[in-house]
Amino acid sequence: MKALVLEKYYHLAYKDVPDPDIAPDEVLVQVKACGICGSDIRGYDGSTGRRIPPLIMGHEASGVIAETGSNVTGWREGERVTFDPTVYRLDDWFTLRGMYNISDNREVLGVSPGTYRRHGAFAEYIAIPQHILYRIPENVTFEQAAMVEAVAMALHSINIAEIRSGNTCVVIGAGMIGTFIIKLLRISGASYIIAVDINEKHLVKAEKAGADFSLLVHGDDLSEKIRSLTSDRGADIAFEAVGQNQSFNNAFAVVRKGGKVVLLGNITPVVDFPLQKFVTSELRVLGSCAINGEYEEVLNYMKMGKITVEDQILAVAPLSEGAAWFEKLYRNEGEAGKVILVP
Ligand SMILES: [Zn+2]
Numbered sequence: 006m007k008a009l010v011l012e013k014y015y016h017l018a019y020k021d022v023p024d025p026d027i028a029p030d031e032v033l034v035q036v037k038a039c040g041i042c043g044s045d046i047r048g049y050d051g052s053t054g055r056r057i058p059p060l061i062m063g064h065e066a067s068g069v070i071a072e073t074g075s076n077v078t079g080w081r082e083g084e085r086v087t088f089d090p091t092v093y094r095l096d097d098w099f100t101l102r103g104m105y106n107i108s109d110n111r112e113v114l115g116v117s118p119g120t121y122r123r124h125g126a127f128a129e130y131i132a133i134p135q136h137i138l139y140r141i142p143e144n145v146t147f148e149q150a151a152m153v154e155a156v157a158m159a160l161h162s163i164n165i166a167e168i169r170s171g172n173t174c175v176v177i178g179a180g181m182i183g184t185f186i187i188k189l190l191r192i193s194g195a196s197y198i199i200a201v202d203i204n205e206k207h208l209v210k211a212e213k214a215g216a217d218f219s220l221l222v223h224g225d226d227l228s229e230k231i232r233s234l235t236s237d238r239g240a241d242i243a244f245e246a247v248g249q250n251q252s253f254n255n256a257f258a259v260v261r262k263g264g265k266v267v268l269l270g271n272i273t274p275v276v277d278f279p280l281q282k283f284v285t286s287e288l289r290v291l292g293s294c295a296i297n298g299e300y301e302e303v304l305n306y307m308k309m310g311k312i313t314v315e316d317q318i319l320a321v322a323p324l325s326e327g328a329a330w331f332e333k334l335y336r337n338e339g340e341a342g343k344v345i346l347v348p
């Protein structure tokens, strides 16, 4: 089969590789669409250490079942599917307690951090364990299905936050994930949504996505501005979708006493922590990692037209042009939008 192989950092080759073998509990999926993730770009340049070459990257994908393993039940050839990129063990302590997203010995498709190498979906075919598969509704396209992962990550953070109707929410970082958080908050009963970013273009998109108000960050008057919009209290919940020192501290600055800070961004491993505000305001800080069962709900929202993803798709291109797209995305960091490759 043809695949886009990261042969060394900054070098992707579109070439022939052997077809993947499937285990008895796996299916072979013929890939129809696979999105380039920001983490793939940081894998391309080697900065995360989680894409050690040689590797076929790609974990945001959809396709058609081409073959089923001997132990596969409930899935047949020809079905349109997508999959959660976390390959978790069914007998793990955390999995058994409903936390497969943080389970031990889990592997992520298209990732090789040194302890394992799991080839991804920038290829014509990929082997997928049956327990991470989801059916794509008839009216949802392969390209839309390749966007489910990003939406599901946003939805996981909303589930972690335990939103109540009437909550006021601030979303810090209105890139793709932040925009999906805004869209999902809109249908989750949040009453007032404020988007915060350092990029004006992102804020225009955020307002289109459903933010009631948007704020460009400059200087340190953010907390006052948010107070003026929230009955002088601060927001009930702040979502931090960036993961740097400034944005992290902004999240604490805008939340009210007794409020929640939900953290998804994690570009920086360590940040300054506002201990006194945290203690004296009785804040709750919640981390949100990947996806924990949100795929089906997102696919349903797509089927019902409750969530749209097209505004976040920058381009759909042949997999053979993948290397050029990686180079382009690497060079214009900040260019928002998903590039979807089609084998
Ligand atoms: Zn991703």
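Sequential numbering of the sequence shown, starting at 6, is according to this note's numbering.
All C-beta atoms, glycine included, are put in the ideal place defined by N, C-alpha and C.
Q. Quick one: does the C-beta of H161 sit closer than 7 Å to a heavy atom of ligand 1?
A. Here the question's residue 161 lines up with position 156 in the sequence shown. False, no ligand heavy atom lies under 7 Å from that Cβ.
Q: State buried or exposed for W330, treating a residue as buried only when at least 16 other CB atoms are found within 10 Å of its CB.
A: On the sequence shown, residue 330 is found 325 positions in, with the first residue counted as 1. It counts as buried.
Q) Are the CB atoms of V259 and A166 nearer to each other than 8 Å? A) Here residue 259 refers to the residue found at position 254 when the sequence shown is read from its first residue. Here residue 166 refers to the residue found at position 161 when the sequence shown is read from its first residue. Against a cut-off of 8 Å, the Cβ pair of A166 and V259 comes out as no contact.
Q) Can you tell me the Cα-Cα spacing of I137 and L304, whole angstroms? A) Taking the first residue of the sequence shown as 1, we reach residue 137 at position 132. Taking the first residue of the sequence shown as 1, we reach residue 304 at position 299. Using only the alpha carbons, I get a separation of about 14 Å.
**Q.** Element boundaries [alpha helix (DSSP H), containing I187]
**A.** Counted from its first residue, the sequence shown places residue 187 at position 182. Taken as a continuous stretch (DSSP letters only), the alpha helix (DSSP H) holding I187 covers M181 to R191.
Q. So is G54 buried or exposed if we call it buried at 16+ other beta carbons inside 10 Å?
A. The residue given as residue 54 occupies position 49 in the sequence shown. Per the 10 Å Cβ criterion, exposed.
(Q) If you measure from each CB to the nearest heavy atom of ligand 1 and keep those under 6 Å, what residues do you get, in chain order? (A) C42, S44, H64, E65 and E154
(Q) Given a cut-off of 8 Å on the beta-carbon distance, is the pair T73 and R81 in contact? (A) Here residue 73 is taken as the residue at index 68 of the sequence shown, counted from 1. Here residue 81 is taken as the residue at index 76 of the sequence shown, counted from 1. Yes. Within cutoff.
**Q.** Backbone secondary structure at Y335 - three-state DSSP
**A.** Numbered from 1 along the sequence shown, position 330 holds the residue referred to as residue 335. DSSP places Y335 in helix when its eight states are reduced to three.
Q: Check whether the Cβ atoms of K7 and L324 lie closer than 8 Å to each other.
A: Residue numbering aside, residue 7 sits at position 2 when the sequence shown is read from its first letter. Residue numbering aside, residue 324 sits at position 319 when the sequence shown is read from its first letter. Taking 8 Å as the Cβ cut-off, K7 and L324 qualify as a contacting pair.
(Q) So, with DSSP's three-state summary, where would you put D316? (A) Against the sequence shown, residue 316 aligns to sequence position 311. Looking at D316 - three-state DSSP - the assignment turns out to be helix.
Q: Indicate whether the contact test is met: 3 or more Cβ pairs, each with one atom in the stretch 26-44 and one in the stretch 113-128, closer than 8 Å.
A: yes
Q.
Please list the terminal residues of the continuous alpha helix (DSSP H) segment that includes Y130.
A. For the purposes of this step, residue 130 is taken as residue 125 along the sequence shown, with counting starting at 1. Where Y130 is concerned, there is no enclosing alpha helix (DSSP H), although the beta strand (DSSP E) it sits in stretches over Y130 to P134.
Q. Whose C-beta lies closer than 7 Å to the C-beta of D262 among residues of the same chain, with five residues either side of it excluded?
A. Looking up residue 262 in the sequence shown gives position 257. Looking at the sequence provided, one finds Lys at residue 262 rather than Asp. S286 and E287.
Q: Can you check DSSP and say which residues form a bridge with R289?
A: For the purposes of this step, residue 289 is taken as the residue at position 284 of the sequence shown. Beta-bridge pairing links R289 to K265.
Q: Could you pull the start and end residues of the beta strand (DSSP E) that G68 belongs to?
A: For the purposes of this step, residue 68 is identified with residue 63 of the sequence shown, where counting begins at 1. Here the beta strand (DSSP E) through G68 covers E65 to T73.
Q.
Measuring straight from C-alpha to C-alpha, what distance separates P25 and G183?
A. For the purposes of this step, residue 25 is taken as residue 20 along the sequence shown, with counting starting at 1. For the purposes of this step, residue 183 is taken as residue 178 along the sequence shown, with counting starting at 1. Near 35 Å, if we compare the C-alpha coordinates of G183 and P25.
Q: Kindly identify the DSSP beta-bridge partner or partners of F253.
A: In the sequence shown, counting from the first residue as 1, residue 253 sits at position 248. According to DSSP, F253 bridges with nothing at all.
Q | Those residues which DSSP pairs with I41 across a bridge | A | Residue 41 sits at position 36 when you count from the first residue of the sequence shown. Its beta-bridge partners do not exist; DSSP assigns none.
Q.
Bridge partners for T87 per DSSP, in chain order?
A. Sequence index remark: in the sequence shown, residue 87 carries index 82 (1-based). DSSP lists S67 and Y139 as partners of T87.
Q: Spatial neighbours of E148 within its chain, please: CB distance less than 7 Å, with the 5 preceding and 5 following residues excluded, ordered by chain position.
A: Translated into positions along the sequence shown, residue 148 becomes position 143. Cβ within range, chain order: A38, I318, V321 and I345.
Q: Could you tell me which residues DSSP pairs with S219 in its beta bridges?
A: As a first step, residue 219 is located in the sequence shown; it is residue number 214 there, counting from the start. A200.
Q: Could you name the residues of the same chain whose beta carbon sits closer than 6 Å to that of I186, not counting the 5 residues immediately before and after it, in chain order?
A: Residue numbering aside, residue 186 sits at position 181 when the sequence shown is read from its first letter. So the qualifying residues of the chain are A159, V176 and F244.
Q) Helix, strand or coil: how does DSSP classify R123 here? A) Here the question's residue 123 lines up with position 118 in the sequence shown. Looking at R123 - three-state DSSP - the assignment turns out to be strand.
Q. For the beta strand (DSSP E) that contains K20, what are its first and last residues?
A. Position 15 of the sequence shown, counted from the first residue, corresponds to residue 20. Taken as a continuous stretch (DSSP letters only), the beta strand (DSSP E) holding K20 covers H16 to D21.
Q) In three-state terms, what does DSSP make of F244? A) Sequence index remark: in the sequence shown, residue 244 carries index 239 (1-based). In this structure, F244 counts as strand in the three-state DSSP scheme.
Q: Using three-state DSSP, classify K13 as helix, strand or coil.
A: As a first step, residue 13 is located in the sequence shown; it is residue number 8 there, counting from the start. DSSP places K13 in strand when its eight states are reduced to three.
Q. Going by other Cβ atoms of all chains shown within 10 Å of its Cβ, with 16 needed for buried, is L101 buried or exposed?
A. Within the sequence shown, numbered from 1, the residue matching residue 101 stands at position 96. When all chains shown are included, L101 counts as exposed.
Q: Name the one or two DSSP bridge partners that P58 has.
A: Residue numbering aside, residue 58 sits at position 53 when the sequence shown is read from its first letter. According to DSSP, P58 bridges with nothing at all.
Q: Examine the Cβ distances between the stretch 267-279 and the stretch 200-211 and report whether three or more of them are shorter than 8 Å.
A: no
Q: Would you kindly work out how many angstroms separate the C-alpha atoms of G119 and G83, rounded to a whole number?
A: Translated into the one-based positions of the sequence shown, residue 119 becomes position 114. Translated into the one-based positions of the sequence shown, residue 83 becomes position 78. Each residue's Cα considered, the two are about 35 Å apart.
Q: Would you kindly report the start and end of the unbroken beta strand (DSSP E) that includes T100?
A: Counting from one through the sequence shown, the residue named residue 100 turns up at place 95. For T100, there is no enclosing beta strand (DSSP E); the residue is found in the alpha helix (DSSP H) stretching over W98 to L101.
Q: Tell me whether A295 sits in a helix, a strand or coil according to DSSP, three-state version.
A: The count along the sequence shown starts at 1 and reaches residue 295 at position 290. Three-state result, A295: coil.
(Q) I need the boundaries of the alpha helix (DSSP H) containing L234, first residue and last residue. (A) On the sequence shown, position 229 is the one that residue 234 refers to. Note, L234: alpha helix (DSSP H), L227 to L234.
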